[in-house]
Amino acid sequence: MQTLPSFVYLIPAVMIFGPGKIPALIATIVYAAPPLVRLTDLGLRSVDPAVMEASRAFGTNPSQRLFGVQIPLALPTILAGVNQTIMMALAMVVIASMIGAGGLGYQVLQGIGRLEVSRGLFAGLGIVVLAIVFDRTTQAFGKQLQAKIGITEART
Amino acid sequence: MNAMTDKTTMTDGTPANAIEMRGLTKIFGDDPQSALSMLESGRSKTDVQAETGHVIGLNNVSLDVARSQIFVVMGLSGSGKSTLIRHVNRLIDPTAGEIIVDGIDVLKMSLEELRAFRRTKVAMVFQKFGLLPHRSVIDNVAYGLEVRGVGRKQRLETAEKWIETVGLKGYENSRIRQLSGGQQQRVGLARALSLDTDIILMDEAFSALDPLIRAGMQDELIALQKSLHKTILFITHDFDEALKIGDRIAVLKDGALVQEGKPEDIVLRPANEHIEEFVAQVNKARAIHVRSIMEKGEHEPCELSVDTDARCEDVLPMFAENQWIGVKDRDGKQVGRITAKQVIKALARHTPGVP
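Line by line, the protein sequences are chains A and B. Residues in the first sequence are numbered from 1 upward in steps of one, following the numbering used here. Residues in the second sequence are numbered from 157 upward in steps of one, following the numbering used here.
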């Protein structure tokens with residue numbers, strides 16, 4: 001998914017749904033979801049095997065292990081995935097506006113089209129501010145969790 | 157406490173052995189069955205390993221663990237002792253053989269039965285503790301009960317009681333990472349004890365601890381066992397530890413059982429050179445019980461006496477003031493006596509190089 005240029009996702013989306021907000025949304029999801037999936041998978045798999053074994057020894061069933069052990073311990077990694085996914089979704093804003101997503105991305109697109117530097121710059125800065133806000137909040141949340149769990153000590 | 161004594165008397169109708177293993181073999185690899193048939197046709201372990209690339213974890217191990225005793229399985233790393241203990245609650249499935257716990261064949265259990273078995277019959281303590289870092293101490297101790305489905309109020313009450321027993325009172329709401337290694341293992345121990353299972357598996361439970369703390373934990377385990385009477389299967393690589401806490405000891409080497417017996421059996425009559433090497437390193441005064449070398453029978457009462465569990469190291473300091481030390485059974489009746497000379501003889505006889 002990540003090896004393809006992001007423009008390519010627009011083609012099937014537009015072919016099936018026509019231009020508009022829905023295909024833009026779909027293309028964005030397809031483009032941005034992989035880090036979340038990958039990091040969640042990585043996080044769940046890299047939970048300390050000793051803890052998993054202990055949990056098994058106490059007679060837990062798979063869902064008790066998933067919700068009681070794996071997800072809580074993998075949460076910092078999962079949140080890093082959420083963070084990455086949000087960043088990539090924002091990267092799609094301008095591209096998706098080409099197929100009628102509207103919003104700030106469209107302002108940038110118009111700015112380029114009409115050579116209105118101020119409009120493009122202003123909308124562009126808006127996207128950047130949005131990205132910084134999202135990034136900082138999710139990262140801070142992840143760090144807080146990490147400190148609470150003490151993941152770094154637990155893995156040594 | 158009453159519930160505890162009830163339980164020991166209730167076991168009259170059930171089989172004498174808490175855990176029985178018959179011909180347990182575990183082979184790690186892609187095709188364990190073919191390696192197994194080679195092994196059964198009489199080929200040596202090294203042959204099979206070289207030819208098939210399979211690793212033989214356990215080779216035809218049979219053991220009986222009697223109720224209410226501490227049974228120690230001793231072996232160096234790679235001897236298969238950790239593999240062995242994981243078969244009891246089927247964290248590992250054997251390639252061949254059978255395991256009977258409390259008269260029930262563990263291998264015939266369905267997945268659901270196995271989970272119920274793990275929740276109610278066996279608790280386990282791990283070398284690497286296996287605690288949940290995102291939970292507080294009390295929630296860790298209550299974890300087994302939570303899995304079992306015990307209500308929150310009740311499980312926290314039970315957990316609190318055991319936290320106090322293992323000496324962690326005041327740490328209930330601490331995070332695991334704030335505790336030292338010794339304290340963490342106390343949490344692991346409390347977590348296993350809070351389940352009140354008849355059988356506790358301890359996989360190198362004290363091996364990761366500092367020597368002083370380890371000795372303290374050993375003493376505590378012995379003290380706890382005096383009131384709890386659990387069946388404890390204890391794994392260790394430390395012969396001294398095995399002698400100190402074990403009622404019986406089994407020695408594993410390369411996945412096979414080399415010798416099984418009482419601590420003094422192993423010290424006094426090592427089965428082969430491998431065990432002799434261990435014995436040579438060990439503090440014999442700790443290994444030999446006075447009851448095995450005392451002068452049996454009723455004698456005139458001695459001024460000082462020890463109980464039948466006492467070892468040579470316990471009586472040695474007493475000889476400073478007394479010539480005879482009495483040995484009393486549980487009811488306080490004198491069953492024998494011992495002199496310094498007898499102890500010295502017993503110790504000297506088993507020192508290598510001394511005829």
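C-beta atoms are modelled at their ideal positions from N, C-alpha and C, and glycine is treated no differently.
Q: Less than 8 Å between the CB atoms is what I'm expecting for B/Asn245 and B/Val221, so what's the real figure, rounded?
A: Stepping through the second sequence from its first residue, residue 245 of chain B is reached at position 89. Stepping through the second sequence from its first residue, residue 221 of chain B is reached at position 65. Wrong, their Cβ atoms sit about 13 Å apart, outside the cutoff.
**Q.** Buried versus exposed, by CB contacts within 10 Å (16 or more), A/Arg136
**A.** Walking along the first sequence from the start, residue 136 of chain A turns up at place 136. Burial call: exposed.
Q: Within the same chain, show all residues whose beta-carbon is closer than 7 Å to that of B/Lys489, passing over the 5 residues directly before and after it, in chain order.
A: Taking the second sequence and counting its residues from 1, one reaches residue 489 of chain B at position 333. Short of 7 Å from the beta carbon of B/Lys489, and not among the five residues preceding or following it, lies no beta carbon of its own chain.
(Q) Can you check whether the C-beta of B/Asn245 is within less than 8 Å of a C-beta belonging to chain A? (A) Position 89 of the second sequence, counted from the first residue, corresponds to residue 245 of chain B. Contact with chain A is found for B/Asn245, since one of that chain's Cβ atoms lies less than 8 Å from the residue's Cβ.
Q | 8 Å Cβ cutoff, A/Ala73 in contact with chain B | A | Within the first sequence, residue 73 of chain A is the residue found at index 73, counting from 1. Checking the sequence, you will find Leu at residue 73 of chain A rather than Ala. Answer yes: the Cβ-Cβ gap between A/Leu73 and chain B drops below 8 Å somewhere.
Q) Beta-carbon of B/Gly236 versus every beta-carbon of chain A: anything under 8 Å? A) In the second sequence, the residue the question calls residue 236 of chain B occupies position 80. Look at B/Gly236: its C-beta is not under 8 Å from any C-beta on chain A.
Q: Starting from B/Ser461, trace the beta strand (DSSP E) both ways and give me its first and last residue.
A: The residue given as residue 461 of chain B occupies position 305 in the second sequence. Note, B/Ser461: beta strand (DSSP E), 460–463.
(Q) Please state the DSSP three-state secondary structure of B/Ile369. (A) Counting from 1 along the second sequence, the entry for residue 369 of chain B is found at position 213. Reduced to three states, the DSSP call for B/Ile369 is helix.
Q. Rounded to whole angstroms, how far is the Cβ of B/Val446 from the Cβ of B/Val483, which I believe are closer than 8 Å?
A. Taking the first residue of the second sequence as position 1, residue 446 of chain B is located at position 290. Taking the first residue of the second sequence as position 1, residue 483 of chain B is located at position 327. That pair is a contact at about 6 Å.
Q: Using a threshold of 8 Å, state whether the C-beta atoms of A/Val30 and A/Pro23 are closer than that.
A: For the purposes of this step, residue 30 of chain A is identified with residue 30 of the first sequence, where counting begins at 1. For the purposes of this step, residue 23 of chain A is identified with residue 23 of the first sequence, where counting begins at 1. No; because the gap between Cβ atoms is not below 8 Å, this pair is not in contact.
(Q) Using 8 Å as the cut-off, can you tell me whether the segment 172–192 of chain B makes contact with the segment 248–266 of chain B, which would need three or more C-beta pairs spanning the two stretches below that distance? (A) Yes: at least three Cβ pairs fall under 8 Å.
Q) Are any of the Cβ atoms in chain B nearer than 8 Å to that of A/Thr138? A) Residue 138 of chain A sits at position 138 when you count from the first residue of the first sequence. Interface annotation, A/Thr138: not in contact with chain B, CB-CB separation never under 8 Å.
Q: With a threshold of 16 other CB atoms inside 10 Å of the CB of A/Thr3, please say whether the residue is buried or exposed.
A: Locating residue 3 of chain A in the first sequence gives position 3, counting from the first residue. A residue is called buried once 16 or more other Cβ atoms fall within 10 Å of its Cβ, and A/Thr3, having fewer, is exposed.
Q. Going along the chain, which residues of its own chain have a beta-carbon closer than 7 Å to the beta-carbon of A/Ser6, five neighbours each way excluded?
A. Taking the first sequence and counting its residues from 1, the one referred to as residue 6 of chain A is at position 6. Closer than 7 Å at Cβ, skipping near neighbours: Tyr31, Met92, Ile95.
Q. Got a sec: is the Cβ-Cβ distance from A/Gly59 to anything in chain B below 8 Å?
A. Numbered from 1 along the first sequence, position 59 holds the residue referred to as residue 59 of chain A. Yes, its Cβ sits closer than 8 Å to a Cβ of chain B.
Q) Between the segment 293–321 of chain B and chain A, which residues of the former have CB atoms less than 7 Å from a CB of the latter, in chain order? A) The residues in question are Tyr299, Gly300, Val303.
Q. Do B/Val423 and B/Ile401 have their C-beta atoms closer together than 8 Å?
A. To locate residue 423 of chain B, count along the second sequence from 1; it is residue 267. To locate residue 401 of chain B, count along the second sequence from 1; it is residue 245. Cβ atoms of B/Val423 and B/Ile401: not closer than 8 Å.
**Q.** Where B/Gly417 sits in the DSSP three-state scheme
**A.** Numbered from 1 along the second sequence, position 261 holds the residue referred to as residue 417 of chain B. Here B/Gly417 sits in strand by DSSP.
**Q.** Pairwise C-alpha distance: B/Ala398 and B/Leu503
**A.** Your numbering for residue 503 of chain B matches position 347 in the second sequence. Your numbering for residue 398 of chain B matches position 242 in the second sequence. If I take the Cα positions, the gap works out to 18 Å.
Q. Going along the segment 42–70 of chain A in order, which residues come within less than 7 Å of chain B, judged by CB to CB distance?
A. Listed by position along the chain: Ala50, Val51, Glu53, Ala54, Arg56, Ala57, Phe58, Gly59, Thr60, Asn61, Gln64, Val69.
Q | C-beta neighbour in chain A for B/His290, strict 8 Å | A | One-based indexing of the second sequence puts residue 290 of chain B at position 134. Closer than 8 Å: yes.
Q) Which same chain residues, not among the five before or five after B/Ile226, have their C-beta less than 7 Å away from its C-beta? A) Position 70 of the second sequence, counting from 1, holds the residue named residue 226 of chain B. In the same chain as B/Ile226, and ignoring 5 residues on each side of it, the C-beta atoms closer than 7 Å to its own belong to Gln381, Ile388, Phe390, Ile401, Gly402, Asp403, in chain order.
Q) I think A/Gln64 touches B/Val343, with their Cβ atoms under 8 Å apart; what is that distance to the nearest whole Å? A) Start at 1 with the first residue of the first sequence, and residue 64 of chain A comes out as number 64. Start at 1 with the first residue of the second sequence, and residue 343 of chain B comes out as number 187. That pair is no contact at about 20 Å.
Q | C-alpha gap between A/Gly18 and A/Gly81, whole angstroms | A | If you number the first sequence from 1, residue 18 of chain A lands on position 18. If you number the first sequence from 1, residue 81 of chain A lands on position 81. Here the alpha carbons of A/Gly81 and A/Gly18 stand approximately 30 Å from one another.
Q. What did DSSP end up calling B/Gly402 once you bin it into helix, strand or coil?
A. The residue given as residue 402 of chain B occupies position 246 in the second sequence. DSSP places B/Gly402 in coil when its eight states are reduced to three.
Q) What residues in its chain sit with their C-beta under 7 Å from that of A/Ala147, if we drop five residues either side in the sequence? A) Start at 1 with the first residue of the first sequence, and residue 147 of chain A comes out as number 147. Closer than 7 Å at the Cβ level, and outside the excluded window around A/Ala147, lies no residue.
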